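Numbering (this note's numbering), first residue to last: 21 to 172.
Printed below as a string of structure tokens:
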């Protein structure tokens, strides 16, 4: 079975020829705006992948269409960078950044609180109620007679 491109997609040989012809101009376009040749290469590859998989009618001005798509990719890149920057800034002002939520002081405090609750319940509950509460048994899941016989 032969692989077929999506309907309306640019044929592979035309895309390859356009890529070779327009690569230097697109590289200059991206590097001028990004100052990073590696990121420019990535965007060029993204652009040609999109062009190879796009659906729809062919355009009368393929170069103009490709540069418009390149400008859109660049806008998307700026948006992602701005979102990433805002997120990093919000994390930088986070008071809990770098704080271990389970430090020794918090652990000791929690254990003391649980111990206080256990002592309070132990003082005020009867044997059967204390057993039910401490083991998590529910009165409806266990017959009452075996529980009653276990505790005076």
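Ideal Cβ placement from N, Cα and C applies to all residues, glycine included. Just so it is clear, the structure is predicted and the values come from calculations on it, not from any experiment.
Residue i to residue j span [Cα, whole Å]
i, j, result
"residue 83", "residue 95", "18 angstroms"
"residue 36", "residue 72", "9 angstroms"
"residue 109", "residue 97", "18 angstroms"
"residue 137", "residue 104", "45 angstroms"
"residue 54", "residue 80", "29 angstroms"
"residue 128", "residue 143", "23 angstroms"
"residue 52", "residue 62", "15 angstroms"
Start and end residues, alpha helix (DSSP H) containing residue i
i, result
"residue 73", "57–73"
"residue 82", "82–112"
DSSP three-state assignment for residue i, whether helix, strand or coil
i, result
"residue 115", "coil"
"residue 44", "helix"
"residue 123", "coil"
"residue 175", "Outside the displayed span of the chain (21 to 172) sits residue 175, for which this structure offers no information."
Cutoff 7 angstroms; reference residue i; Cβ partners in own chain excluding five residues on either side
i, result
"residue 39", "68"
"residue 106", "none"
"residue 139", "none"
Neighbourhood of residue i by C-beta distance below 8 angstroms, restricted to the same chain and skipping five residues each side
i, result
"residue 89", "67, 70 and 71"
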